[in-house]
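Residue numbers (our numbering): 632 to 826.
We put the beta carbon where it would ideally sit given N, CA and C, even for glycine.
Note sheet for the following structure.
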């Protein structure tokens, strides 16, 4: 009787273990953040030392990357590109459009240290539609209670850097690179402002 109870206890604890490991491996919960928001938002760049309530330039998903992809570019105008809002769903940062029947869809791509934050933009219905969430994005809360964008469990390593084409783009953990001018990089936090 004791042996069968012991076996049952070991099997039960073994089956429970994977869900515990999955919870710990989520980079969002590791930093006290969430991987989903229930509202649409815009992305704004703000200096890390900016006082509470300060707003900054918006980021727009614009074409221009030499590899044919689109990148998050700082804009100082009403230009939002073809997408005017964003959602965060299960770690996927998904560009959206408020115009009905938009023919384009954007999918986030992996974000490695030193890389420009890029997206693939295709026609709706392409195979890439299902690719959102390749990088675990999170919404962390900062001291001013803004939702702040994090990637790879890190909300403090973004910068705006100038490319050779003079575009100011979002970079994660800048390093020496030919894709942007390292000495132009300015640290930024990215606020997720409800629309």
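- Here residue 712 is buried: its Cβ has 16 or more other Cβ atoms, across all protein chains shown, within 10 Å.
- A straight line joining the alpha-carbon of residue 675 with that of residue 682 spans about 14 Å.
- Taking a cut-off of 8 Å on C-beta distances, the stretch 766 to 773 touches the stretch 654 to 669, as three or more cross pairs fall below it.
- In the three-state scheme derived from DSSP, where H, G and I count as helix and E and B as strand, residue 673 is classed as strand.
- Look at residue 726 here: in three-state DSSP terms it is strand.
- Closest in alpha carbon position to residue 749, among 720, 709, 782, 661, is 782.
- Residue 778 carries a strand assignment under DSSP once its states are collapsed to helix, strand and coil.
- Take residue 687, set aside five residues on each side of it, and the residues of its chain with a beta-carbon closer than 8 Å to its own are 675, 676, 677, 678, 681, 819, 822, in chain order.
- By the criterion of a C-beta distance shorter than 6 Å, residue 695 is surrounded in its chain by 798, once the five residues flanking it on both sides are discounted.
- Residue 753 sits away from residue 741, with the two beta carbons spaced by 9 Å or more.
- In the displayed model, residue 744 falls within coil according to three-state DSSP, outside both helix and strand.
- Membership of residue 825 in the beta strand (DSSP E) is indicated by the continuous run 812 to 825.
- Ranking 746, 787, 697, 824 by CA distance to the CA of residue 813 puts 746 first.
- Counting C-beta atoms within 10 angstroms of its own C-beta, residue 708 has fewer than 16 neighbours from the protein chains shown and is therefore classed as exposed.
- By the Cβ neighbour-count rule, residue 825 is exposed, with fewer than 16 other Cβ atoms within 10 Å of its own.
- For residue 714, the closest alpha carbon among the candidates 698, 737, 720, 744 is that of 737.
- Taking the Cα of residue 703 as reference, the smallest distance to any Cα among 725, 720, 684, 685 is reached at 725.
- With a threshold of 16 other beta carbon atoms within 10 Å, residue 722 meets it and is buried.
- Rounded to whole angstroms, the separation of the alpha carbons of residue 692 and residue 785 is 21 Å.
- In the structure shown, residue 681 falls within a coil segment according to DSSP collapsed to helix, strand and coil.
- Under DSSP, the beta-bridge partners assigned to residue 753 are 736.
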